[in-house]
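Let me begin by presenting the structure, written as C-alpha cells, before commenting on it.
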Amino acid sequence: MAALPKNMEHVDRRELFTSLPARVFYLQQFLEFGSDDVVALSEGQKYIKAIIPAIVNMVYKKLLQHDITARVFSTRDSRSEEDPERWIGEEDAQIRHRKMFLRWYLTKLNSDPSKMEYWQYLDKVGLMHVGKGRKNPLHVDYVFLGACLGYIQDAMTEAILSHPRLDLTQKIAIVKAIGKVIWIQNDLMAKWHVDDGKEFIDAEWDEETQAEARQPEGYVNGKRVLGKVDEDDSSIDGTVSSVSSEKSTTSLGRTMEQVRLSNEQIGCPFSGMVNGTQDLDKQRAATTKPPRDDILGSPSSPSGIPRLRVMEGKTIGKERLGPSPFA
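Under the UniProt record's numbering, think of the first position of the sequence shown as 1, with each following residue one higher.
Below, the structure written as C-alpha cells:
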C-alpha cells in the first residue's frame, strides 16, 4: 500500500463517527475555522446579540406558516400527518416557552467556540430532535432543521452586512465565522438522521448517547449551559437538577460524572484561543495529526479578506492579493 503523498493528512473514518472532538476537528480543518474566526465571533457578539430577539420572532412566524411544521408543536413528530384538534398559535404559552429556548440557543451559538462544551451542546441539539432517550420524544425530520438553520443564517447575514457601524472587513469576517459555525451545526444535526457510520456504533457509545439525551434540555454532561442559573427550572418539561443528573447512571452502570470525565479527556482544538495561545498546546484536542501553524498561531484581528476576487476580468487568489484588496 502506497504511503500518503506529501501534505496529505490521514483521517480515521471510525473516529469521525464515534468521536465528537475528532469530527469537529476535521470539520474545522476542512472549513478553515481558525483563530481569525474565533476572534471575529468574539468581536461580533454584541452585534449578533442585539438581533437575536427579532430573529426568534421571525423563525416562529415562519414555522407557524406551514401546517407540516406547525403540527409538530402538537404532535412532537413531523412524521405524523394527523391535524391537531387545535392549532398552536404564536401567542400560546408553548410557543413563548419555545421562543425562550431558541433565544438561549442563539445566545449559546454566539458564545465562545473555543470550549469543547460549545460543540457538545451543538451536537446535543441534533440528538434531541430524533426522539432518543426522552419521556416525551421529539422527532423533527432533517429537512425542516436544515431549512430553519438556513433561514437563521440568512437573517444574521443580512443584519450584519447592513450594520451601519461595522466596516466591510469586520462584516465579512463575522459573516464567514457565523457561516462556518452554522454549517458545523448543520452537520451535527444531519449525523443523527443518516445511517453513515452505523457499523461503528457499539453498546457503550449507544448508552452514552441515551444518557446524554435523558438530561434536561439545556444541560450537557450534567451541567446547565443554557439560560441563567437562577432561572426557574420548573418551566422546563421533564427537568431535573444537575445534581440528580450527576447521580443517575447509564445502562452500563456509569454515572453521568464518569461519562463527563471520560469526555473531558479530549478538549476542543481551539480551547484558549480567545485568551491567548500560551496554554494552547496543553488544551487542544488529542490527535495523531500534526499541528497546523495557521490554526495554532497567535490570534490576530480578523482581516475579512476574501479567498477570491475578480480583478480586470480575472479571478485572483487571496495569496496574490495585497493588504487592502478592497481598495
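We put the CB at the ideal spot given by N, CA and C, even for glycine.
Source: prediction; values computed, not measured.
Asked	Found
Inter-residue CB distance, ILE152 and ILE51 (contact presumed, cutoff 8 Å)	Wrong, their Cβ atoms sit about 11 Å apart, outside the cutoff.
Under the three-state DSSP convention, the category LYS6 falls into	coil
One or two residues paired with TYR219 in a DSSP bridge	ARG224
Limits of the alpha helix (DSSP H) - the one that PHE33 falls within	PHE33 -> no alpha helix (DSSP H), and no H or E assigned at all.
Cβ neighbour criterion (16 or more within 10 Å) applied to GLN265	Bear in mind that the predicted position of GLN265 carries a pLDDT of just 45, short of 50, making it too unreliable to give a figure here.
Cβ-based burial, GLU117 [other Cβ within 10 Å; buried from 16]	buried
Classification of HIS10 by the beta-carbon crowding that lies within 10 angstroms, buried from 16 upward	exposed
Cβ-based burial, ASP123 [other Cβ within 10 Å; buried from 16]	buried
Contact set for ALA155: own chain, Cβ-Cβ below 7 Å, skip 5 residues either direction	ILE55 and MET58
Segment contact, 8 Å Cβ cut-off, at least three pairs: the region 186 to 194 with the region 125 to 133	yes
Helix, strand or coil at ASP123 according to DSSP, with G and I counted as helix	helix
Straight-line Cα distance separating ILE184 from PHE17	14 Å
Where the alpha helix (DSSP H) through ILE178 begins and ends	168 to 190
Identity of the residue in TYR60, ASP83, SER74 and HIS66 nearest GLU90 by Cα	TYR60
Three or more C-beta pairs below 8 Å linking the region 62 to 76 and the region 107 to 116	no
Alpha-carbon spacing of PHE73 relative to TYR142, whole angstroms	16 Å
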